[in-house]
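K.L.:
In UniProt numbering, the protein residues as written are 1 to 177.
Even for Gly, the Cβ is constructed at its ideal location relative to N, Cα and C.
Quantities reported herein were computed from a predicted structural model and do not represent experimental measurements.
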């Protein structure tokens, strides 16, 4: 039986969600967001920001007039908070539970935040909270020790599957990836 194709029902692309999050972060930091600030934050040209803002304005997520600051609408704030919250949970989980390096965790969380369902995020948050309870630290430490010491071979179905999908550079189990 073939694997199901990944289909995500969405009205915003991951790129537009990045714009929302950048505007949200800038408004929190500075109280406003300008096209120049957004372009600098995302590493894109100002005309690219203008195109994205037209789309976000058309979706009712931002208020913006030429040569003025950009502001999120209430709907825009809610969407940006959702994306930002997903990122924070994923980033924290990757670092604190899985032991992924900061830079890698940032990139992975940035990619994953756009595709994880609300149900999965809810369960992931539950798992994160579970491991953060003081009485569960022993389980987390046991996982960390196992991760560093697993020497499974090709006969392990999990490891053989992992070997088929492993990304280059992650072959050192004892180090943070």
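1) Against chain B, does residue 141 count as a neighbour if the rule is that its beta carbon must be under 9 Å from one of theirs?
2) Just mark residue 141 as buried or exposed, buried being the case when its beta carbon has 16 or more other beta carbons within 10 Å.
3) Would residue 22 be called buried (16 or more neighbouring beta carbons within 10 Å of its own) or exposed?
4) Might you give, ordered along the chain, the residues of its own chain that have their beta carbon closer than 6 Å to the beta carbon of residue 87, omitting 5 neighbours on each side?
5) For the putative contact between residue 89 and residue 128, defined by C-beta atoms under 8 Å, what is the C-beta separation to the nearest angstrom?
6) Answer with buried or exposed for residue 38, where buried requires no fewer than 16 other C-beta atoms within 10 angstroms of its C-beta.
7) Within 10 angstroms of its Cβ, does residue 74 collect 16 or more other Cβ (buried), or is it exposed?
8) Could you give the distance in angstroms between the alpha-carbon of residue 45 and the alpha-carbon of residue 64?
9) Taking Cβ positions, are residue 80 and residue 124 nearer each other than 9 Å?
10) Please report the residue range of the alpha helix (DSSP H) in which residue 24 lies.
11) Which of the three DSSP states is assigned to residue 62 in this structure?
12) Using the C-alpha atoms, what's the distance from residue 50 back to residue 139?
P.N.:
Once the coordinates are examined:
1) Chain labels in this structure do not include chain B; a single protein chain is all it has.
2) Numbered from 1 along the chain shown, position 141 holds the residue referred to as residue 141. Flag for residue 141 reads exposed.
3) Here the question's residue 22 lines up with position 22 in the chain shown. With 16 or more other Cβ atoms within 10 Å, it is buried.
4) Reading the chain shown from its first residue, position 87 is the one you call residue 87. Excluding residues within five positions, the ones whose Cβ falls inside 6 Å are 109 and 113.
5) For this step, residue 89 is matched to residue 89 along the chain shown. For this step, residue 128 is matched to residue 128 along the chain shown. Between residue 128 and residue 89 the Cβ distance is about 7 Å, and since that is below 8 Å, they are a contact.
6) Within the chain shown, numbered from 1, the residue matching residue 38 stands at position 38. Counting of Cβ neighbours within 10 angstroms places residue 38 among the buried residues, the total reaching 16 or more.
7) Against the chain shown, residue 74 aligns to sequence position 74. Under this definition residue 74 is an exposed residue.
8) Here residue 45 refers to the residue found at position 45 of the chain shown. Here residue 64 refers to the residue found at position 64 of the chain shown. If you take the alpha carbons of residue 45 and residue 64, they lie about 17 Å apart.
9) As a working note, residue 80 is residue 80 in the chain shown. As a working note, residue 124 is residue 124 in the chain shown. No, these two residues do not count as a Cβ contact at 9 Å.
10) By 1-based counting over the chain shown, the position of residue 24 is 24. Residue 24 -> alpha helix (DSSP H) spans 14-30.
11) The residue given as residue 62 occupies position 62 in the chain shown. Looking at residue 62 - three-state DSSP - the assignment turns out to be strand.
12) Locating residue 139 in the chain shown gives position 139, where the first residue counts as 1. Locating residue 50 in the chain shown gives position 50, where the first residue counts as 1. Distance between residue 139 and residue 50, taken at the CA atoms: about 49 Å.
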